[in-house]
Each structure stands twice: as C-alpha cells, then as structure tokens.
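**Q**
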C-alpha cells in the first residue's frame with residue numbers, strides 16, 4: 007500500500023527519492039575522492055560507500071581484479087587437455103549457442119586456435135531446428151567430423167545425458183559455461199569450467215559468478231596462453247594479443263545483461279578505452295551509422311541486436327563468418343545483411359507485441375502474479391524480446407510462448423532481480439511434468455511445453471509466485487530546471503559503465519509546463535517539450551512510445567497542469583545528450599489547473 011497522499015505516476019509507479027538523509031555521506035565522498043556531488047550521490051545510492059573500493063569502481067582494471075584463472079574449478083584440467091590437443095595437432099570441434107554471448111564465445115575460441123594453426127571447426131545451433139544446448143544429433147556431427155576434442159561454450163552444464171553418452175564413446179569434452187547448475191550432478195566431462203557450479207565460491211573482488219560465457223572463455227585463454235608459453239610453444243613466432251579480444255568480451259557481457267561489477271566492469275572499461283574490435287564488428291559499427299562505440303549502450307542497443315537478429319530469424323553462423331573473414335568485401339556484405347535482418351526483426355516484433363499487449367489487457371492478465379501469454383504462429387525468434395518488453399510494461403515476471411502445428415510450444419521468460427528466479431521456476435515446472443524442458447539464468451530463460459499444459463502452467467506461476475506489492479521508481483535526486491545538461495551528463499559518464507547491479511541514474515525536475523510534442527520520423531518515439539527557466543525549452547524524448555502509452559495519454563490529458571518529470575540522460579556521438587523520459591506525474595502539492 008502507498009502512504010496516504012502519495013502520488014502514483016502516469017505509469018502507475020510510486021517514486022522513491024534515494025537521496026534522503028545521506029547528505030553527510032555524500033559530502034565525505036566528495037572530499038575524499040574528489041568527485042562531483044551528483045556522482046558521489048549516485049555512488050552512495052548504489053551502496054558504493056567503502057572508500058577502499060571506490061577507486062576500483064571508478065577505474066576498474068583487469069590487472070587489478072583478475073584472479074588466477076586456475077582458482078576456478080576444472081580450469082587446470084581444461085587447459086591441460088586443450089594444450090595437449092594443440093601440441094599433438096588434434097582436430098578440435100567448438101559448439102556454442104545462438105545468442106550474442108554464445109556466438110562471441112565460439113569466435114574467441116575458434117579465432118585463437120586458428121591463430122595457433124589448429125585444425126578447428128565449429129557449430130552454432132539453430133534456435134528452431136536444434137534448440138538450446140548440445141544435443142545427441144550435434145554429438146553425432148562431432149564424431150562425423152573426426153574431432154578428438156569437443157569444447158562446448160555457453161551451454162553444457164546441464165546437458166548431463168548427452169555429454170555422458172559422448173564421453174562413454176571416447177569423445178573428450180570440455181565445458182566452458184556460466185549457466186546455473188540445476189542438478190546436483192555435473193556432466194562426466196574432462197572439465198566443467200563454470201563459476202556458477204554449486205561447489206564454486208567467489209574469488210576476491212572479481213564477481214566471477216556474474217561473468218558471461220565470453221568472460222569465462224577469456225579467463226581460459228589467459229590460462230591457456232600462459233601454459234603454452236611456459237611449455238615453449240610459441241618460440242620466436244610471437245603470441246596472440248589477448249587484449250584484441252576484450253571488445254567482444256564486453257559485447258557478450260552487456261548483451262547477456264550481466265552485472266557491471268568486478269571483472270565485468272574491467273572488461274567493459276578496457277574495451278571502451280582501446281576500441282579494438284574484429285573487422286566484422288568494425289564493419290557492423292559502420293553499417294549501423296555510428297562512428298564508433300561511444301557508450302556501452304551502443305553495444306546493448308545497436309551492435310548486440312543486429313548480431314542477435316541472425317539467430318532470431320536467420321542463421322547465426324553468418325556472424326561467425328563475418329567475424330572470422332579476412333575478405334573486406336565479404337565482411338561488409340555480411341554486416342549489411344545483419345542490419346537488414348534486424349530491421350525485419352523489428353517489424354515482426356512490433357506486430358507480436360501489439361497482439362500480446364491486447365491479450366494482457368483484454369484478459370486482465372496484468373493482475374496475475376506472473377504474466378503468461380501464448381499464441382500459435384508467433385515467431386519463435388523474437389518471443390524473448392517480447393517477454394522483456396512486457397515485463398517492463400506491466401512490472402511482472404513474463405513468460406511468452408508460441409505453438410507450432412505439432413502442439414508443442416517454445417517459450418521465453420524474463421524477470422526482474424527482485425521477482426522470481428526464472429531458472430528455478432522453470433526447473434520446478436519441469437519436475438512437476440508441466441514443461442518438457444526449461445532452464446536459464448535467474449532473470450531469463452527458455453522452456454518448451456505441450457499446448458494442453460498451457461493453462462496449467464499459467465496456474466502454476468500464479469499459485470507459486472507472488473507479485474511485487476509495490477511498483478517503485480527509484481530517483482537519485484531532484485535537479486533544478488536550469489540544470490546544465492552537459493555538466494549533469496559528465497557526472498553520469500564518470501561512473502560508466504551502467505547496467506545490472508549499477509543501474510543508470512534517474513533524476514527529477516519538478517513543476518514543468520508541457521508545451522508541445524511530436525512523433526519522430528519513424529513514429530516510434532515522441533519528442534516532448536516543456537517550458538524551462540526564463541521561457542527556455544526543455545526538450546525530452548519518450549522512447550518506444552507504444553510501450554508507454556499510459557504516460558503519453560495522461561500527459562496529453564494533463565497538459566495544462568504542473569508536471570514532475572523523472573528522466574535519465576543518454577549521450578551518443580550523433581545526437582549529443584538527450585533527456586529521456588522515464589515517467590511523469592502531477593506536481594505536488596499544487597495540482598490546480600493553470601489559468602491565464
């Protein structure tokens with residue numbers, strides 16, 4: 007329940023101002039660490055108050071945070087077997103996954119081994135034909151290839167039956183993964199390198215349990231290169247420069263929505279500093295009409311979606327082809343193809359989302375503890391994006407499924423950090439016989455089920471999971487209408503990268519008057535202008551207007567009243583600094599209609 011007199015915002019949220027009663031701590035942070043007050047306030051609001059760790063947070067460096075990779079269980083066994091295969095000229099097969107993290111993880115291993123002259127082949131499974139994880143059919147492809155070692159990245163931890171069967175037939179398997187271990191057992195492989203194994207603890211300040219697969223692979227390459235160096239493998243030929251790979255590690259980290267703390271933060275910082283990427287990523291940057299990666303958001307919202315589009319509606323292997331290609335014309339062609347695929351994905355997603363929102367509204371599903379919507383014929387490649395956007399719109403854990411003619415559905419789930427653990431929820435539904443399969447992370451996962459269990463699954467979610475009692479928007483502090491946007495943006499940029507665990511700051515401007523609004527050219531965003539100090543204009547933008555129709559509708563209905571604006575700031579090379587509307591509400595205490 008909200009306190010008496012509390013105002014709900016236009017999106018139905020209660021605003022919580024985080025800067026109350028922390029002025030003394032903020033002043034101390036400013037004095038000790040010589041940072042602007044706004045930056046200090048953001049850190050305090052994120053719980054970053056240990057003076058010994060502030061320096062590592064502001065300047066996270068791999069060399070300061072990276073633990074010895076051999077402290078991760080099975081890392082020594084993994085590099086021993088891979089080294090043996092390299093030295094003995096064995097053929098190696100690399101198997102991955104169809105999302106950004108899985109794709110770049112395959113690229114890291116394959117490109118590194120190719121640089122060493124290894125006979126290596128790879129496979130990225132099809133989302134539609136193969137599904138997630140290593141399958142019996144995929145294992146057969148490995149045997150047919152003549153490979154003596156199989157390296158599985160971004161999956162494998164929970165593929166116990168498949169890997170055990172392969173091991174019994176004499177195939178050596180190394181798993182490099184980060185997914186939650188759902189069973190008390192692990193596969194009978196040469197090595198299962200996974201920071202999220204049940205028996206693996208944290209190591210120092212690295213936050214290894216928050217690594218994506220690419221982040222774990224990078225640690226493996228560091229350990230492998232050290233071992234090969236000590237064995238005299240490189241001689242006078244020189245070693246691959248592992249710093250060249252940090253850009254794609256950061257890409258996998260941000261696109262897999264990992265916490266931007268510890269080693270992840272160091273990966274992203276170095277990537278932003280060096281700007282070193284494979285030719286394929288450079289071509290994709292150019293095809294995306296941006297000059298360079300100027301913000302971590304460019305990874306998350308520009309490059310990542312283009313790469314993901316291949317796995318969602320086409321063949322994810324073209325991304326690896328682009329990354330490995332030495333032919334400039336081919337690289338450019340594949341990059342442009344990814345942009346075209348992403349534009350197609352956007353059109354498919356928009357139609358599906360409109361249908362799903364109608365289902366939720368017409369059936370009152372927004373009152374459920376967890377939303378489950380499904381349909382026949384929805385595109386299986388974009389249901390994950392739909393689930394994420396529905397979760398944000400309705401502030402509920404969301405499960406979306408599409409059913410084929412055979413009556414079997416594939417689904418995707420998204421949850422917020424304080425809501426249900428998706429991996430365990432799906433695992434429990436599998437154990438009860440409701441789902442055919444299911445797994446993933448705490449906040450995202452995939453599943454399959456027969457259509458006759460759809461209603462049962464919805465009841466299961468609502469019976470076992472409780473909705474959040476209050477939908478809160480955290481606001482870091484209020485700022486004056488005369489705020490210097492450039493200075494505010496600099497204060498925000500000082501603490502980049504933002505993401506899971508270090509959420510982007512939200513600010514508030516009070517008592518604004520709406521003047522006018524217009525759609526952007528593609529009719530997907532809205533430019534909204536307010537009157538600032540001395541008749542100046544405060545220009546803001548509402549992204550994804552179709553998902554924020556309540557804000558737009560209520561803003562128009564209350565356009566002649568004082569409004570409070572909750573906003574974030576976003577900066578890119580092309581458009582400069584933008585004020586992004588997060589929410590609006592009527593100003594208090596005066597909510598009277600403005601008169602001439």
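Residue numbers (the working numbering): 7 to 602. Don't be surprised by glycine CBs; every beta carbon is placed ideally from N, CA and C.
1) Bridge partners of residue 381, per DSSP?
2) Grab the span of the alpha helix (DSSP H) containing residue 263 for me, first residue to last.
3) Put residue 280 into one of helix, strand or coil per three-state DSSP.
4) Using alpha carbons as the reference points, say which of 103, 71, 270 and 471 lies closest to residue 322.
5) Could you give the first and the last residue of the continuous beta strand (DSSP E) run that contains residue 419?
6) Do residue 481 and residue 572 have their CB atoms nearer than 8 Å?
7) Tell me, please, which residues DSSP counts as bridged to residue 20.
8) Which term fits residue 240, buried or exposed, when burial requires 16 or more other beta carbons within 10 angstroms of its beta carbon?
9) Spatial neighbours of residue 39 within its chain, please: CB distance less than 8 Å, with the 5 preceding and 5 following residues excluded, ordered by chain position.
10) CA-CA distance, residue 251 and residue 156?
11) Could you round the C-beta distance between residue 329 and residue 286 to whole angstroms and report it? I think they count as a contact, below 8 Å.
12) How long is the line joining the alpha carbons of residue 12 and residue 259, rounded to whole angstroms?
13) Please report the Cβ distance between residue 189 and residue 166, rounded to the nearest whole angstrom; I am assuming they are in contact, meaning their Cβ atoms lie under 8 Å.
14) Since residue 456 sits in a beta bridge, which residues does DSSP pair it with?
15) How big is the Cα-Cα spacing for residue 282 and residue 407?
16) Look at residue 160 and residue 221 and say whether their C-beta atoms are less than 8 Å apart.
17) Report the rounded CA-to-CA distance for residue 291 versus residue 297, giving the unit in angstroms.
18) Should residue 305 be labelled buried (16 or more other beta-carbon atoms within 10 Å of its own) or exposed?
19) With respect to the alpha helix (DSSP H) encompassing residue 180, which residues constitute its N-terminal and C-terminal limits?
20) Given residue 257, which residues of its chain have a CB within under 7 Å of its CB, disregarding the five upstream and five downstream residues?
21) What number of angstroms, rounded off, separates the C-alpha of residue 425 from the C-alpha of residue 89?
22) Could you check which residue in 122, 178 and 548 has the C-alpha nearest to that of residue 87?
23) Under a Cβ-count criterion, where at least 16 other Cβ atoms within 10 Å of its own Cβ denotes burial, should residue 378 be classed as buried or exposed?
24) Answer with buried or exposed for residue 522, where buried requires no fewer than 16 other C-beta atoms within 10 angstroms of its C-beta.
25) One question on the structure: do residue 512 and residue 594 come within less than 8 Å of each other, judged by their Cβ atoms?
26) Quick check: residue 405 and residue 340, are their CB atoms within less than 8 Å of each other?
27) Restricting to Cα atoms, I'd like to know which of 455, 537 and 15 is closest to residue 412.
28) Taking residue 395 as the reference, give the member of 361, 134, 427 and 201 with the closest Cα.
29) Whole angstroms are fine: how far does the CA of residue 21 sit from the CA of residue 592?
30) With a 10 Å radius around its C-beta and 16 neighbouring C-beta atoms as the bar for buried, classify residue 23 as buried or exposed.
31) Less than 7 Å between C-beta atoms, sequence neighbours within five positions excluded: which residues of the same chain meet that for residue 230?
32) Between the C-alpha atoms of residue 599 and residue 561, what's the straight-line distance to the nearest angstrom?
33) Under the three-state reduction of DSSP, which class applies to residue 588: helix, strand or coil?
34) What residue from 448, 350 and 432 has the CA that sits closest to residue 202's CA?
35) Tell me whether residue 514 sits in a helix, a strand or coil according to DSSP, three-state version.
36) Would you mind listing the beta strand (DSSP E) stretches within the segment 151-179 that are 3+ residues and don't spill past its ends, in chain order?
**A** In terms of the structure at hand:
1) For residue 381, which the question treats as bridged, DSSP gives the partners 408.
2) No alpha helix (DSSP H) contains residue 263, which DSSP labels as neither H nor E.
3) If DSSP states are grouped into helix, strand and coil, residue 280 belongs with the helices.
4) The residue with the shortest Cα to Cα distance from residue 322 is 103.
5) For residue 419, the enclosing beta strand (DSSP E) stretches over residues 414-420.
6) Yes, these two residues count as a Cβ contact at 8 Å.
7) Residue 20 is bridged to 14 and 478.
8) Classification of residue 240: exposed, given that the 10 Å Cβ count is below 16.
9) Taken in chain order, the residues that qualify are 46, 57, 60, 61 and 64.
10) Near 22 Å, if we compare the C-alpha coordinates of residue 156 and residue 251.
11) Contact holds; Cβ gap of about 4 Å.
12) Its pLDDT being 47, under 50, residue 12 is placed unreliably by the model, and the measurement read from it follows with that caveat. Note on geometry: alpha-carbon atoms of residue 12 and residue 259 lie some 38 Å from one another.
13) About 6 Å; that satisfies the 8 Å criterion.
14) Answer is 414, bridged to residue 456.
15) Distance between the alpha carbons of residue 282 and residue 407 is about 38 Å.
16) It is not a contact, given that the beta carbons lie outside the stated cut-off.
17) Rounded to whole angstroms, the gap between the alpha carbons of residue 291 and residue 297 is 7 Å.
18) When all chains shown are included, residue 305 counts as buried.
19) Careful: residue 180 lies outside any alpha helix (DSSP H), inside the beta strand (DSSP E) at 178-182.
20) Here the set comprises 106, 110, 305, 309 and 310.
21) About 43 Å.
22) Checked all of 122, 178 and 548; the closest Cα to residue 87 is 178.
23) It counts as buried.
24) For residue 522, the number of other beta carbons within 10 angstroms of its own is below 16, and it is reported as exposed.
25) Not closer than 8 Å, so no.
26) No, these two residues do not count as a Cβ contact at 8 Å.
27) Taking only the C-alpha atoms, the option nearest residue 412 is 455.
28) Cα-wise, what sits closest to residue 395 is 361.
29) Whole-angstrom Cα-Cα distance: 12 Å.
30) Exposed.
31) Result list for residue 230: 85, 88 and 89, in chain order.
32) The predicted model places residue 599 with a pLDDT of 43, which falls under 50 and marks its position as unreliable; any figure quoted below should be read in that light. The straight-line gap from Cα to Cα measures roughly 14 Å.
33) In this structure, residue 588 counts as strand in the three-state DSSP scheme.
34) The option with the nearest alpha carbon to residue 202 is 448.
35) Secondary structure of residue 514 (DSSP, three-state): strand.
36) Runs found: 155-159.
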